[in-house]
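Comments concern the structure below.
Protein chains: 2
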Amino acid sequence: MAAQQGPRRGKRSDKPTIADVAALAGVSVSAVSKVVNNRPGISPPTRQRVLDAAEKLRWSPSATAVALRGARTRAIGMVAGRAADVLAADPHFSVLISGIEAELAPADYGLLLHIVGEEPSAEERAYRRLAEERRVDGVILTESRIGDTRFELLRQLRLPAVLVGTPWRDDPVVSVRAGGEQDAGIREAVDHLADLGHRHIAYVSGPEDRVHTVFRRRVFEAALEERGLRPTRIVVSEFTADAAVRAVRQLLAEPQRRPTAVLFANDTMAVAGMSAARRLGFEVPRDLSIVGYDDLPIGELVYPRLTTIGQDLVQLGRSAATAMFALLDGSPESAQPPPVRPPSLIPRESTGPAGGVGG
Amino acid sequence: MAAQQGPRRGKRSDKPTIADVAALAGVSVSAVSKVVNNRPGISPPTRQRVLDAAEKLRWSPSATAVALRGARTRAIGMVAGRAADVLAADPHFSVLISGIEAELAPADYGLLLHIVGEEPSAEERAYRRLAEERRVDGVILTESRIGDTRFELLRQLRLPAVLVGTPWRDDPVVSVRAGGEQDAGIREAVDHLADLGHRHIAYVSGPEDRVHTVFRRRVFEAALEERGLRPTRIVVSEFTADAAVRAVRQLLAEPQRRPTAVLFANDTMAVAGMSAARRLGFEVPRDLSIVGYDDLPIGELVYPRLTTIGQDLVQLGRSAATAMFALLDGSPESAQPPPVRPPSLIPRESTGPAGGVGG
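Right, here's the structure in full:
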């Protein structure tokens, strides 16, 4: 480090210098600099000695501003505008965080997680605090919304931001998303079910203020139309297991409108829906085929194993972290990381030929 | 806060004061103090004005040390010495974090998560960095180990620490744990199975370097003995779904040693084990009863619903955060929060009378 190695001898002034502090503390100038800039590599006792020397000499860095501005926090923020139990209830987030952590950990970065509840202004307040208190170097966002106001806010706050997912229209944000055709996995799932003879396919969708919800529903309808089919039912639902159970009860209640296959917006809902169907006496896949979305670990734990549309959430998380580091290094042009493999169908045991009691 | 309200008028010196900065920036002295101490409530433009004024006057707080020492980070650290995918693979952590976040969010605190991999020194390095760089106000630990060295390290680093779980012997750490008899839930599970006529009960346990693993195994053996029984088998396993599948294959392979009921160390393992048994042709609970541990959401999603030993992980997380705030407020005597309800059996559908093919 090309730090200044001592005071300029000729000029005497009342003002203590960094070298005076270093001398009194018995450490190098660069060690004092590290303490001031909160950089690693200084033991707590040495740190204390430096702080004591600085206090004794009434020395402080020529501009505190430099220290306050310059030091990286080595933390990336993630604010979830969801209920406190979101990590437990929606493992999608946990998998994404796994991917983010896989890149942060080797760089000695941590992920500062704020789960702020569903009140809309709470997320904005959290971003403002993170920016004002300089607690993170940047933030990773998820769940792109229609008319999303977060990107403009973060631009005003000068907080670097990376979105996991597809921005709505020309939202001004670096984003990472799966490569290939938008939601090709949905099309593959529809083809898979149609090839198995299904003509009555329902879709249990997520809340329609999410960008991906709207995209996926469109692809679902277009893919059915290409096979000369129309959706048997589309149920718009919350992303919860309880909502999935209610949707399945509703879908299976009327024999004349009963689907032989159901696509769910995520794996948790699909597993809950599968159990609800079996509890109502429908065997899976004999009487009802089930398809999930995300390829979460739960899909492989259950019996029958869940057919699902796999997206590489771990790689999406890794890419988001990589893009963030590129932004922080001042090379936004390289912040667009290599594309993540497109979502695609993973056929397992929960789908089978149409032709059971509902077929 | 008793911040200095202005310069002493009598004495003139070359050194600018906080009041000069406040005057130049057109803000109050306390606003300057807030900027310097990274406290909330200052808008970014105001903050910028203060920093510019400080730079122009070449002013810095009388002791940078005060700023560096005094400011809270509003972050609590959690270091997991586990693989990057731990949150996805072991939802136990996700639920605990949900509880921690439920207390942190209203206090405007975030959780700084470091998942550092399983190399033993990585966790220590992470704590050292967190302490040296003052990135968190304190840390919450989990997975108490036998001969745990983390508490002594954190004491040396002066990093306040709260353990979720039972410390080994007299480890010097504030801990939060469930009330009541240690692992009473295991006893209830054994009684439940014995009452259902089971005489051949196996246990798939976690790694034996964990304190809770050792405690629970002892309680399991003692509870069986009280019913005049001995464990059919104890399989020591990793906390993974794959390990659970291997354990079940092993347990069901030899008809003469086959258990009619299996307790698992966690719910993920229990669900994976249940699916493995069914894939081998054993109906649950007709041929094999299954009990999990933790009461994670997955247990209610699957069919049959999982009988499990419920511990209130959300409340444990909340209590850990509450204890941390008490420590940070300098009232360690009140850091021992109200006890969390004891673990207890939640009978659902995966346990039934002994007497199937293996009974």
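Just so you know, the protein sequences line up as chains V and D, in that order. The opening residue of the first sequence carries number 1 in our numbering; numbering runs sequentially from there. The opening residue of the second sequence carries number 1001 in our numbering; numbering runs sequentially from there. Glycine residues also receive a C-beta, built at the ideal position from the N, C-alpha and C atoms.
Neighbourhood of residue i by C-beta distance below 6 Å, restricted to the same chain and skipping five residues each side
i: E206/V; result: The question names Glu, but residue 206/V in the sequence shown is Gly. Taken in chain order, the residues that qualify are T213, F239, A265.
i: H198/V; result: T260, A261, A354
i: R1047/D; result: V1035
i: V245/V; result: A272, A276
i: P172/V; result: F151
i: A1243/D; result: S1237
i: A223/V; result: R187, V190
i: E123/V; result: V79, G81, V116
i: H369/V; result: As displayed, chain V neither begins before 1 nor continues past 359, which places residue 369/V out of reach and without an answer.
Which of helix, strand or coil DSSP assigns to residue i
i: I1290/D; result: strand
i: T46/V; result: helix
i: R227/V; result: coil
i: A261/V; result: strand
i: L1328/D; result: helix
i: L130/V; result: helix
i: H309/V; result: Looking at the sequence provided, one finds Ile at residue 309/V rather than His. Note: I309/V maps to strand in three-state DSSP.
i: R348/V; result: coil
i: V136/V; result: coil
i: V284/V; result: coil
i: L141/V; result: strand
i: R1058/D; result: coil
i: V1027/D; result: coil
i: V340/V; result: strand
i: L214/V; result: The sequence shown places Val at residue 214/V, not Leu. If DSSP states are grouped into helix, strand and coil, V214/V belongs with the helices.
i: Q1302/D; result: Here residue 1302/D is Val; the residue named in the question, Gln, does not match the sequence. DSSP places V1302/D in coil when its eight states are reduced to three.
i: I1018/D; result: helix
Cβ-based neighbour list, residue i, same chain, cut-off 8 Å, excluding 5 preceding and 5 following
i: G352/V; result: L196, P285, R286, S289
i: R158/V; result: A131
i: D183/V; result: H212, F215, R216, V219, P343
i: P1016/D; result: L1057, R1058, W1059
i: L328/V; result: R72, D137, G138, P160
i: G228/V; result: none
i: A178/V; result: Q311, D312, L316, P339, V340, R341, P342, P343
i: W168/V; result: S144, R145, I146, G147, D148, V211
i: R1125/D; result: V1116
i: S1377/D; result: An answer regarding residue 1377/D cannot be provided, because it is not within the stretch 1001 to 1359 covered by chain D.
Anticipated Cβ contact below 8 Å, residue i with residue j, distance rounded
i: V1340/D; j: L1306/D; result: At roughly 21 Å, the Cβ-Cβ gap does not stay under 8 Å, so V1340/D and L1306/D are not in contact.
i: V379/V; j: I140/V; result: Because chain V is modelled from 1 through 359, residue 379/V falls outside the range shown and cannot be assessed.
i: P342/V; j: E221/V; result: With a Cβ gap of about 20 Å, P342/V and E221/V do not count as contacting.
i: A202/V; j: T166/V; result: Wrong, their Cβ atoms sit about 25 Å apart, outside the cutoff.
i: V1095/D; j: L1296/D; result: 6 Å
i: L1024/D; j: A1075/D; result: Not quite, the Cβ-Cβ distance comes to about 32 Å (not below 8 Å), so this is no contact.
i: D1090/D; j: I1146/D; result: With 8 Å as the limit, D1090/D and I1146/D do not qualify as a contact, their Cβ atoms being about 20 Å apart.
i: E1119/D; j: R1082/D; result: Going by Cβ atoms, the distance from E1119/D to R1082/D rounds to 11 Å, so no, they are not a contact pair.
i: R1135/D; j: D108/V; result: About 10 Å separates the two Cβ atoms, so there is no contact after all.
i: I42/V; j: A31/V; result: 6 Å
i: G985/D; j: L1345/D; result: Outside the modelled stretch of chain D, which goes from 1001 to 1359, sits residue 985/D, for which no answer is possible.
Residues of its chain near residue i, where Cβ-Cβ distance is below 7 Å and the 5 sequence neighbours each way are ignored
i: F282/V; result: L252, L288
i: A1241/D; result: T1268, M1269, A1272
i: R1278/D; result: V1284
i: G1086/D; result: The question names Gly, yet the displayed sequence has Val at residue 1086/D. So the qualifying residues of the chain are A1080, F1093, I1115.
i: D1294/D; result: H1092, N1266, D1267, T1308, Q1311, L1313
i: M324/V; result: I76, G138, I140, P160, V162
i: P7/V; result: Since pLDDT at P7/V reaches only 38, below the 50 mark, its modelled position is unreliable, and the value read off the structure follows with that caveat. Result list for P7/V: T17, A19, D20, in chain order.
i: R1230/D; result: L1224
i: A1320/D; result: I1100, I1140, V1162, V1164, V1176
i: Q1250/D; result: V1235
i: P1347/D; result: H1192, T1307
Under 9 Å (Cβ pairs) to chain D, residues found in the stretch 149-166 of chain V
From the stretch 149-166 of chain V, only Q156, L157, R158 have a Cβ closer than 9 Å to chain D.
Can you give, in chain order, each stretch of the alpha helix (DSSP H) that sits fully within the stretch 1180-1206 of chain D and has at least 4 residues?
Entirely contained in the stretch 1180-1206 of chain D, the alpha helix (DSSP H) runs reaching 4 residues are, in chain order, 1184-1195.
Members of the stretch 1279-1297 of chain D near chain V, C-beta cut-off 8 Å:
The stretch 1279-1297 of chain D vs chain V, Cβ under 8 Å: R1279, L1296, P1297.
Those runs of the alpha helix (DSSP H) which lie wholly inside the stretch 1066-1125 of chain D and span at least 4 residues:
Listed in chain order, they are 1086-1089, 1091-1104.
Note down, in chain order, all residues in the stretch 109-134 of chain V with a beta-carbon under 7 Å from any beta-carbon belonging to chain D.
If the cut-off is 7 Å between Cβ atoms, the stretch 109-134 of chain V has G110, L111, L112, L113, H114, I115, V116, G117, R129, A131, E132, E133, R134 near chain D.
Segments of 3+ residues assigned as beta strand (DSSP E) that fall wholly inside the stretch 146-180 of chain V
Counting only unbroken stretches of 3 or more residues, the beta strand (DSSP E) elements lying wholly within the stretch 146-180 of chain V are 161-164, 174-176, in sequence order.
Could you list the residues in the stretch 1087-1103 of chain D with a C-beta less than 7 Å from some C-beta on chain V, going in chain order?
Residues passing the 7 Å Cβ filter: L1087, A1088, A1089, P1091, S1094, V1095, I1097, S1098, E1101, A1102.
Residues, ordered as in the chain, of the stretch 1194-1206 of chain D that lie near chain V by beta-carbon distance below 9 Å
So nothing in the stretch comes that close.
Taking a Cβ distance cut-off of 8 Å, strictly less, list which residues of the stretch 262-275 of chain V are near chain D, in chain order.
Closer than 8 Å at the C-beta level to chain D, one finds these residues of the stretch 262-275 of chain V: T268, V271, A272, M274, S275.
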